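In the numbering used here, each number is its position in the sequence shown, counted from 1, plus 2. Accompanying notes for the structure given below.
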Amino acid sequence: MTERPFLHAPTPAGPTVLLHSRAAYDHPTDSIAVARGQARDFLRALAGTAVILSEQAKDDVLLVVSELVTNAGRHADGPVLLDLAWTGSALDVAVWDTGTAIPVRMPRDPSRIGGHGLEIVAGICSRLHAEQVVGGKRVVARIELASRLR
Numbered sequence: 003m004t005e006r007p008f009l010h011a012p013t014p015a016g017p018t019v020l021l022h023s024r025a026a027y028d029h030p031t032d033s034i035a036v037a038r039g040q041a042r043d044f045l046r047a048l049a050g051t052a053v054i055l056s057e058q059a060k061d062d063v064l065l066v067v068s069e070l071v072t073n074a075g076r077h078a079d080g081p082v083l084l085d086l087a088w089t090g091s092a093l094d095v096a097v098w099d100t101g102t103a104i105p106v107r108m109p110r111d112p113s114r115i116g117g118h119g120l121e122i123v124a125g126i127c128s129r130l131h132a133e134q135v136v137g138g139k140r141v142v143a144r145i146e147l148a149s150r151l152r
């Protein structure tokens, strides 16, 4: 397994995961709505633990999930795995796909049509990185949520 830095270096030792959800999608381009549903269910489960997020924070989580799953479907053939993990202060959104190319965030260009997904995700997240793993790659986005509780 080769790890490459992507926007921010990954945390060497991850925090304790308090709530976790994982699902695999065979046809990621058709599964964006289903992945968003998984994220909504996760946010409802999180609310059941007395963690109440602002509406904007929930929208940001759904947007990050949509962008990462969309990119996986667009740039890789095969299944996609979506992992959501709550650590007590942050939500890690990880998307694995069968592609081997590490995504590159393009420079900001308002005149460009398309290609703004990673730019949007990077603006929402405190950490964003990609790594090559067995069978493909994984992109992980960390959304700090401790300050966004209601």
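Even glycine gets a Cβ: it sits at the ideal position worked out from N, Cα and C. Note that this is a predicted model, so its numbers are computed, not measured.
For residue j and residue i, believed in contact at Cβ under 8 Å, the rounded distance
i: Val-135; j: Trp-98; result: 7 Å
Residue i and residue j closer than 8 Å at C-beta
i: Val-36; j: Val-67; result: no
i: Val-106; j: Leu-70; result: no
i: Ile-34; j: Leu-93; result: no
i: His-22; j: Leu-86; result: yes
i: Trp-88; j: Leu-120; result: no
Beta-carbon contacts of residue i that lie in its chain and below 8 Å, excluding the five residues immediately before and after
i: Ala-103; result: His-77 and Lys-139
i: Ile-115; result: none
Close-in-space but distant-in-sequence residues of the same chain around residue i (CB under 7 Å, 5 per side omitted)
i: Gly-101; result: His-77, Ala-78, Gly-138 and Lys-139
i: Gly-117; result: Met-108
i: His-10; result: Confidence in His-10 is poor, its pLDDT being 36 and thus under 50, which makes the residue's placement unreliable; the coordinate value appears in the next sentence. Only Arg-129, Leu-130 and His-131 meet the Cβ criterion.
Own chain residues within Cβ distance below 6 Å of residue i, not counting five before or after
i: Gly-90; result: Leu-20
i: Ala-143; result: Val-66, Val-95, Val-123, Cys-127 and Leu-130
i: Leu-45; result: Lys-60
Test: residue i CB closer than 8 Å to a CB of chain D
i: Leu-20; result: Protein chains in the displayed structure number just one, and chain D is not present.
Delimiting residues of the alpha helix (DSSP H) encompassing residue i
i: Gly-119; result: 119–126
Limits of the beta strand (DSSP E) - the one that residue i falls within
i: Arg-46; result: Taken as a continuous stretch (DSSP letters only), Arg-46 belongs to no beta strand (DSSP E), being part of the alpha helix (DSSP H) at 34–49.
i: His-29; result: First-last for His-29: undefined, no H or E at that position.
i: Ile-67; result: Inspection of the sequence shows that residue 67 is occupied by Val rather than by Ile. Premise fails: Val-67 lies in the alpha helix (DSSP H), 57–77, not in any beta strand (DSSP E).
i: Ala-132; result: 129–135
i: Ala-92; result: 92–99
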